[in-house]
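Asks:
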Amino acid sequence: MSDQEAERKAKAARAKKLLAARQKGKAKAASAAAPSSPASTAVVDESAAPSVRTSLSLDAPPQIESEAKVEPGSGPEFSVKPEPESQPESQPEPQPEPEPETKPRSELELDHPKSDLDTIPEPERQPKPDPSPQVIGPDREQTQPPTLPAHPSTPPTDSLGNLQQTVSLLIQERTDLQAQVTELQKALNVAKGDSQLLIEGRSLIEKLEREKKELEAELTEASRVGEEVEQLRLEVKQLRGELDILGDEKKRLQEQAQASERKAADIEKERETQIKQLRKDVDRARERESGLEGEVARLRQTHAELSSNLDAITLERDQLQTSSSADSSALGVLRSEHEALQNTHDALKADLAKLDEDHKTLRSSHDTLTADHAEASSSRAALDESLTREREELSRIRTELEETKTKAEGSVKRVEAAEKKRAALQEENGELVKQLEEVRGRVVQVLDEKVELAAKLEEWERKAEKQAADRQRLGQAEQELERAKATIRELESQPKSSAMPIAQDESLMTLELSRQAEQIRHLEASLHASTSRVHSLSRELYDMQSERDELIASGSRSRGLFLADDTGLRSPLLGDSRQLSVDALLPAHVRRKRQISLAALKARMDHNSADGRRASQVSADGQNAKPAHSSGLGNMRKQFGDEIVFCCPACEGDLITV
């Protein structure tokens, strides 16, 4: 704004200097004209007369701020006294008096906006004055007629006509200056209102920052409570209740999804109506958008920043997907280890049968059992370590998902706020508030990133504490293992009652294996819930991205601004007509959705097959350690029936059942 004001001041100074120089040149030409050449005098007067209308051209510079404080009607007063001219010897033919030059209506419309055309006074044609004294300006100063020499044959019509034209042009210049003063006063009032709005916006932003800090504190407290709840959910007695709760949660989520789809349809209709109204408003306001080329560059810069932020969010989501795939692979390793443990358990059962048949070979078989037990303990320690790693990964995935969700919501809110602010500022024709708000938003974003880094640091500290607790728990488990070894040694010293402790060891082993199987199933359920959460968040992120792209495209079309498409998304119907695969014809975000849907389908199918194999193994063993769990496996809900499940490319990568 300071550069524009300086430019206006420079233009006003140049115009004043030019007007003064032309007036001086006109005075010199009039005084230096020969008395015997009235034609040359008329030519000089006619050529110098239009010079007083410099400020009425298309490049009319605005007045400086000091002139804006002048009240209307208190403009400069003009009083022109004609100079006496000598009477030429020859009588020239009387020429028609030139009418005062008036500015066309189209030029006035180019100089001023449509809304300010009513404030521009139309130049009035001054009547031809008599040779009597003239009344000029608000001070009503009378001018004396020129004293002509006593020559009976030369009327002073030409010089008087030129002087009258000059006077009328000066009066028109004064009215134009007064109109410009009033316009500058209006602009000053508008600037004052904009500054008041800026102060109010700053106070509102401070209030929102305080509320945001409170919400972040509540969020940390809620995350801590959630971790405690997850620890409590590890108990075996709440498995059936959790299954029922999960079924109810699924129904509720389905109802919420349907309600959200209906709301999205309603919101889409409202947005279409709003877009139509905005297009009408933009068509009305296009006459006032000739001076917004600078703002187009700034808007492109903000658009590029938003697109870069969105790319960063997509990269974070891809990293989360890779980490979830790594978790699924680790879960497969855990399953293989569990199968190995089951095989060892079968071998132990065979050895126990042999021990029942022949008690004489108890010592040798007992040595083999101790070796197998050592291997089982080592594998159990490895399983405990892998389980701790999986828990840490799951907690990290949850936190990162929450962070991505908050970032996506913040980006959408920032886009919507920017669009609303830009529309309001276009109506008010003040771009200062928008620039300050954008700078403020960037500062707030930096502060938000600092707060997020602090939250991440606290989370890592909590993870370190949790790892210390896990190490302590592992030490306790090692102590229990040592006690179990001591009991085994005591049992070895009692040969007569060896059959009963071996049976007890077998029951303890089956109980331990069933407990580990329950832990693995619980981890699988939590992993499945986390993957479903990742998929839902990715769908929400892509929906918000598509809505943002549609809003930006519709806004650019309505404004008539030809912005470059930074998203790089193309329709599959446009482009090369060669024979391509289905994935190649789809856009990038649809391909990602399709891959996510197929990965979710594969994970669910693997989960069902693993549960079926586990149920068959438990039924083949015939152990009564956990009958409730075996019945729970039999009653597990069926995720996919006999219907056909496929991914439709026209349905944005969602799963479709036929």
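Following this note's numbering, the numbering of the sequence shown begins with 1062 at its first residue and continues without gaps.
Glycine included, C-beta positions come from ideal geometry on N, C-alpha and C.
(1) What's the C-alpha gap between lysine 1482 and valine 1476?
(2) How many Å lie between aspartate 1237 and asparagine 1223 at the Cα?
(3) For leucine 1280, count the other beta carbons within 10 Å of its own beta carbon; 16 or more makes it buried, fewer makes it exposed. Which is it?
(4) One question on the structure: do glutamate 1579 and leucine 1392 come within less than 8 Å of each other, judged by their Cβ atoms?
(5) When you compare only the Cα positions, how much space is there between alanine 1529 and threonine 1449?
(6) Just the C-alpha distance for serine 1440 and glutamate 1398, rounded to the nearest angstrom, thanks.
(7) Taking just the CA atoms, how far does valine 1251 sit from leucine 1265?
(8) Put leucine 1295 into one of helix, strand or coil per three-state DSSP.
(9) Please work out which residues of its chain come closer than 8 Å, Cβ to Cβ, to glutamate 1333, disregarding the five sequence neighbours upstream and downstream, and give them in chain order.
(10) With a cut-off of 8 Å, do at least 3 Cβ pairs link the region 1531 to 1547 to the region 1354 to 1372?
(11) Roughly how many angstroms separate the alpha carbons of alanine 1081 and threonine 1363, rounded to a whole number?
(12) For arginine 1457, which of Ala1278, Ala1442, Ser1284, Met1570 has the nearest alpha-carbon?
(13) DSSP on alanine 1401, reduced to helix/strand/coil?
(14) For arginine 1609 versus valine 1394, is the C-beta spacing smaller than 8 Å?
(15) Terminal residues of the continuous alpha helix (DSSP H) containing arginine 1347?
(16) Less than 8 Å between the C-beta atoms of glutamate 1377 and threonine 1465, yes or no?
(17) How long is the line joining the alpha carbons of arginine 1652 and serine 1607, rounded to whole angstroms?
(18) Thinking C-alpha only, which one of Lys1077, Lys1341, Asp1372 is nearest glutamate 1234?
(19) Buried or exposed for serine 1386, going by 16 or more other Cβ atoms inside 10 Å?
(20) Expressed to the nearest angstrom, what Euclidean distance is found between the alpha-carbon atoms of aspartate 1388 and leucine 1588?
(21) How would you label lysine 1663, buried or exposed, when you count the other beta carbons within 10 angstroms and need 16 or more for buried?
(22) What number of angstroms, rounded off, separates the C-alpha of lysine 1070 from the C-alpha of glutamine 1084?
(23) Tell me the rounded alpha-carbon separation between leucine 1574 and lysine 1517.
(24) Where arginine 1501 and methionine 1605 are concerned, what is the direct C-alpha to C-alpha distance, given to the nearest angstrom?
(25) When you compare the CB positions of leucine 1535 and aspartate 1445, do they come within less than 8 Å of one another, or not?
(26) Report buried or exposed for glutamate 1066, applying the criterion of at least 16 other Cβ atoms within 10 angstroms of its Cβ.
(27) For glycine 1086, is the beta carbon positioned less than 7 Å from some heavy atom of the ligand COA?
(28) Taking C-alpha atoms, which residue in Arg1665, Ala1401, Gln1656, Glu1611 lies nearest to glutamate 1329?
Replies: The relevant details are as follows:
(1) Here residue 1482 corresponds to residue number 421 of the sequence shown, with the count starting at 1. Here residue 1476 corresponds to residue number 415 of the sequence shown, with the count starting at 1. A direct Cα-to-Cα measurement between lysine 1482 and valine 1476 gives close to 10 Å.
(2) Stepping through the sequence shown from its first residue, residue 1237 is reached at position 176. Stepping through the sequence shown from its first residue, residue 1223 is reached at position 162. So the alpha carbons of these two residues sit roughly 21 Å apart.
(3) Position 219 of the sequence shown, counted from the start, is the residue given in the question as residue 1280. The C-beta of leucine 1280 has fewer than 16 other C-beta atoms within 10 Å across all chains shown, which makes the residue exposed.
(4) Locating residue 1579 in the sequence shown gives position 518, counting from the first residue. Locating residue 1392 in the sequence shown gives position 331, counting from the first residue. Not closer than 8 Å, so no.
(5) On the sequence shown, residue 1529 is found 468 positions in, with the first residue counted as 1. On the sequence shown, residue 1449 is found 388 positions in, with the first residue counted as 1. Approximately 11 Å, taken between the alpha carbons.
(6) Taking the first residue of the sequence shown as position 1, residue 1440 is located at position 379. Taking the first residue of the sequence shown as position 1, residue 1398 is located at position 337. One Cα belongs to serine 1440, the other to glutamate 1398, and the distance between them is close to 8 Å.
(7) Here residue 1265 corresponds to residue number 204 of the sequence shown, with the count starting at 1. Here residue 1251 corresponds to residue number 190 of the sequence shown, with the count starting at 1. Taking the straight line from one Cα to the other gives about 21 Å.
(8) For this step, residue 1295 is matched to residue 234 along the sequence shown. If DSSP states are grouped into helix, strand and coil, leucine 1295 belongs with coil.
(9) Numbered from 1 along the sequence shown, position 272 holds the residue referred to as residue 1333. Apart from sequence neighbours up to five positions away, no residue of its chain approaches glutamate 1333 with a beta-carbon distance below 8 Å.
(10) Under the Cβ criterion (8 Å, minimum of three pairs), the region 1531 to 1547 does not count as touching the region 1354 to 1372.
(11) Translated into positions along the sequence shown, residue 1081 becomes position 20. Translated into positions along the sequence shown, residue 1363 becomes position 302. Alanine 1081 and threonine 1363 have their C-alpha atoms roughly 47 Å apart.
(12) The residue you call residue 1457 lines up with position 396 of the sequence shown. In terms of CA proximity to arginine 1457, Ser1284 leads the group Ala1278, Ala1442, Ser1284, Met1570.
(13) Position 340 of the sequence shown, counted from the start, is the residue given in the question as residue 1401. It is helical.
(14) For the purposes of this step, residue 1609 is taken as the residue at position 548 of the sequence shown. For the purposes of this step, residue 1394 is taken as the residue at position 333 of the sequence shown. Contact flag unset, no.
(15) To locate residue 1347, count along the sequence shown from 1; it is residue 286. Element bounds for arginine 1347: n/a, residue is neither H nor E.
(16) The sequence position of residue 1377 within the sequence shown is 316, counting from 1. The sequence position of residue 1465 within the sequence shown is 404, counting from 1. Yes, they are a contact pair.
(17) In the sequence shown, residue 1652 corresponds to position 591, counting from 1. In the sequence shown, residue 1607 corresponds to position 546, counting from 1. Going from the Cα of arginine 1652 to the Cα of serine 1607 covers about 14 Å.
(18) Locating residue 1234 in the sequence shown gives position 173, counting from the first residue. The shortest C-alpha separation from glutamate 1234 is found at Lys1077.
(19) Here residue 1386 is taken as the residue at index 325 of the sequence shown, counted from 1. Classification for serine 1386: exposed.
(20) One-based indexing of the sequence shown puts residue 1388 at position 327. One-based indexing of the sequence shown puts residue 1588 at position 527. Computed Cα separation, rounded: 8 Å.
(21) Counted from its first residue, the sequence shown places residue 1663 at position 602. Lysine 1663 is exposed by the Cβ-count criterion.
(22) Numbered from 1 along the sequence shown, position 9 holds the residue referred to as residue 1070. Numbered from 1 along the sequence shown, position 23 holds the residue referred to as residue 1084. Answer to the nearest angstrom: the Cα atoms are 21 Å apart.
(23) By 1-based counting over the sequence shown, the position of residue 1574 is 513. By 1-based counting over the sequence shown, the position of residue 1517 is 456. Rounded to whole angstroms, the separation of the alpha carbons of lysine 1517 and leucine 1574 is 36 Å.
(24) Here residue 1501 is taken as the residue at index 440 of the sequence shown, counted from 1. Here residue 1605 is taken as the residue at index 544 of the sequence shown, counted from 1. Straight-line Cα distance between these residues: approximately 24 Å.
(25) Position 474 of the sequence shown, counting from 1, holds the residue named residue 1535. Position 384 of the sequence shown, counting from 1, holds the residue named residue 1445. For leucine 1535 and aspartate 1445, yes; Cβs fall inside 8 Å.
(26) By one-based count along the sequence shown, residue 1066 stands at place 5. Result: exposed.
(27) As presented, the structure is devoid of all ligands, the ligand COA included, so that no description of it is given.
(28) Within the sequence shown, residue 1329 is the residue found at index 268, counting from 1. Checked all of Arg1665, Ala1401, Gln1656, Glu1611; the closest Cα to glutamate 1329 is Glu1611.
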